[in-house]
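One structure is given below, encoded as structure tokens.
Structure follows, in structure tokens:
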């Protein structure tokens, strides 16, 4: 699990470099930011949990 506070770019680079990207999940309180991050993930399935 990787946690993003302010540096979503660093997390996206690390996750998208992984050789396997079958599934991922993004949790967040700010729906617009959560969807923006989720949309940039390279994975077969992305789950969004907005709280």
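In UniProt numbering, the protein residues as written are 1 to 51. For every residue, glycine included, the Cβ atom is placed at its ideal position computed from N, Cα and C. In this text the structure is predicted, and so the values were computed from the model without any measurement.
Which of helix, strand or coil does DSSP assign to residue i?
i          : result
residue 25 : strand
residue 49 : strand
residue 42 : coil
residue 7  : coil
residue 32 : helix
Just reading off the alpha helix (DSSP H) that residue i is part of, what are its end residues?
i          : result
residue 18 : Looking at the DSSP string, residue 18 is not in any alpha helix (DSSP H), and its letter there is neither H nor E.
Cα separation between residue i and residue j?
i          : j          : result
residue 51 : residue 35 : 13 angstroms
residue 14 : residue 46 : 16 angstroms
residue 30 : residue 37 : 11 angstroms
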